[in-house]
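Asks: Heads up, the sequence shown stops at 460 in the working numbering, and the numbers go up one at a time, no gaps.
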Amino acid sequence: ARLSHRKIIGMAAFIWIFIKLPQEWWLHIAKLDVTDFLKEDVLGVSVDTSWGSAIGDNLWFLGLLAVLVVVCVWAVGAALRAAPPADWRVSFDVDAHPSSTRVGATAVVGKVFSWDLLEKVVLISLIMIIFAQVLPATDPAPLQVTFAVAFVVVVNALLSQWLASRGHSWSSTLAQFAVQLVINVGVTLVYIWLLRSADEPANETAAVFFIVLLTLIVILFDRYRPIRASAFPSRTAVGV
């Protein structure tokens, strides 16, 4: 809440460009191993050399580690001095600072078709496309996944709106998840039956896993987005 949009975007860009992208290149493109790299390219020994022998032959490495520790301690200290005062002390008690959470905010119910619905479809589609590429024996096109996500999201949103228009609301997150999961699994089973009738291949296990995960993500979005909207009304346009 204290940071401007420019600072938040700048921090996200720094983490993404200078930390995450190099890590992804290291792991998935160069396919390098940290321990092998340190031994062969930094310490100049073979991979089979023990760490004791490798460091014993390169005592300068201990000095480098000491310098790095000092730099890290200095950087953390400088960041703490530059940061504004903390809102509360460090605590491992979840109820010690109830004002730090927004769970007490009143959820706001708005119209179904809004920018929030579009945001939900886009974000969840990206997540589910990734999972669809990972699931074995499945190769759906991104457009197919997006259509399936959009269909489920809109149906679930219409169900919630229909209940809200009649003065009903979900008693708990678990109840909402159970009801919508039954509905979504039912729709999925009908879809699988139609594929079998048309002699099209269907991966039942992957489809059920997909719909369970999709329902969970939709429920979490629906439960916490309105709460955030009520806590920050000036920043968020509210929708179901």
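Where is the CB? At the ideal position from N, CA and C, for every residue including glycine.
From a predicted model like this one, the values you see are computed outputs, not experimental measurements.
Measure from the alpha carbon of residue 412 to the alpha carbon of each residue in 397, 394, 431, 398, then state which is nearest.
Replies: Measuring from the Cα of residue 412, the nearest candidate turns out to be 431.
Asks: Would you tell me roughly how many angstroms separate the C-alpha atoms of residue 302 and residue 223, rounded to the nearest one?
Replies: Taking the straight line joining both Cα atoms gives about 14 Å.
Asks: How long is the line joining the alpha carbons of residue 294 and residue 266, rounded to whole angstroms?
Replies: Rounded to the nearest angstrom, the two C-alpha atoms are 34 Å apart.
Asks: How do the stretch 355-363 and the stretch 404-411 stand: do at least 3 beta-carbon pairs fall below 8 Å, yes or no?
Replies: Verdict: no, contact absent.
Asks: Please return the same chain residues whose Cβ sits closer than 8 Å to the Cβ of residue 316, not counting the five positions on each side in sequence.
Replies: The answer, listed in chain order, is 308.
Asks: Roughly how far, in whole angstroms, is the beta-carbon of residue 369 from the beta-carbon of residue 285, given that I think they are within contact range, below 8 Å?
Replies: Going by Cβ atoms, the distance from residue 369 to residue 285 rounds to 48 Å, so no, they are not a contact pair.
Asks: As a quick exercise: from 256, 397, 356, pick the residue whose alpha carbon is nearest that of residue 424.
Replies: The candidate whose alpha carbon is nearest that of residue 424 is 356.
Asks: Return the chain-ordered list of same chain residues with a C-beta closer than 6 Å to the C-beta of residue 437, the five sequence neighbours on each side being excluded.
Replies: Taken in chain order, the residues that qualify are 344.
Asks: Using three-state DSSP, classify residue 312 as helix, strand or coil.
Replies: Residue 312 falls in the coil class under three-state DSSP.
Asks: Are the CB atoms of residue 439 and residue 371 within a distance shorter than 8 Å?
Replies: Their beta carbons are not under 8 Å apart, which means residue 371 does not touch residue 439 by this criterion.
Asks: Please name the residue in 240, 358, 221 whose C-alpha comes closest to that of residue 426.
Replies: Ranking the options by Cα distance to residue 426, first place goes to 358.
Asks: Applying the criterion that 16 or more other CB atoms from any shown protein chain within 10 Å of the CB defines a buried residue, is residue 386 buried or exposed?
Replies: Answer is exposed; the Cβ neighbour count stays below 16.
Asks: Who are the Cβ neighbours of residue 340 in its own chain at under 7 Å, not counting the five residues just before and after it?
Replies: If we look at residue 340 and ignore the five residues flanking it on each side, its Cβ neighbours are 373, 441.
Asks: Which whole-angstrom value describes the C-beta separation of residue 376 and residue 353, a residue pair presumed to lie in contact below a C-beta threshold of 8 Å?
Replies: Incorrect: roughly 24 Å between the Cβ atoms, too far for contact.
Asks: Rounding to the nearest angstrom, what Cα-Cα distance links residue 262 and residue 289 in this structure?
Replies: So the alpha carbons of these two residues sit roughly 18 Å apart.
Asks: Could you check where the alpha helix (DSSP H) with residue 255 kicks off and where it finishes?
Replies: 254-257 is the extent of the alpha helix (DSSP H) around residue 255.
Asks: Helix, strand or coil for residue 304? Go by DSSP, reduced to three states.
Replies: It is coil, neither helix nor strand.
Asks: With DSSP collapsed to three states, give me the class of residue 224.
Replies: Three-state DSSP puts residue 224 in coil, outside helix and strand.
Asks: May I have the straight-line CA-CA distance separating residue 304 from residue 252, to the nearest angstrom?
Replies: Computed Cα separation, rounded: 40 Å.
Asks: Taking just the CA atoms, how far does residue 349 sit from residue 233?
Replies: Taking the straight line joining both Cα atoms gives about 23 Å.
Asks: The alpha helix (DSSP H) with residue 242 in it runs from where to where?
Replies: Residue 242 -> alpha helix (DSSP H) spans 241-244.
Asks: Go ahead and label residue 313 buried or exposed: buried means 16 or more other beta carbons lie within 10 angstroms of its beta carbon, across all protein chains shown.
Replies: So residue 313 counts as exposed.
Asks: Between which two residues does the alpha helix (DSSP H) carrying residue 349 extend?
Replies: First-last of the alpha helix (DSSP H) with residue 349: 335-354.
Asks: Report the rounded CA-to-CA distance for residue 227 versus residue 298, giving the unit in angstroms.
Replies: About 18 Å.
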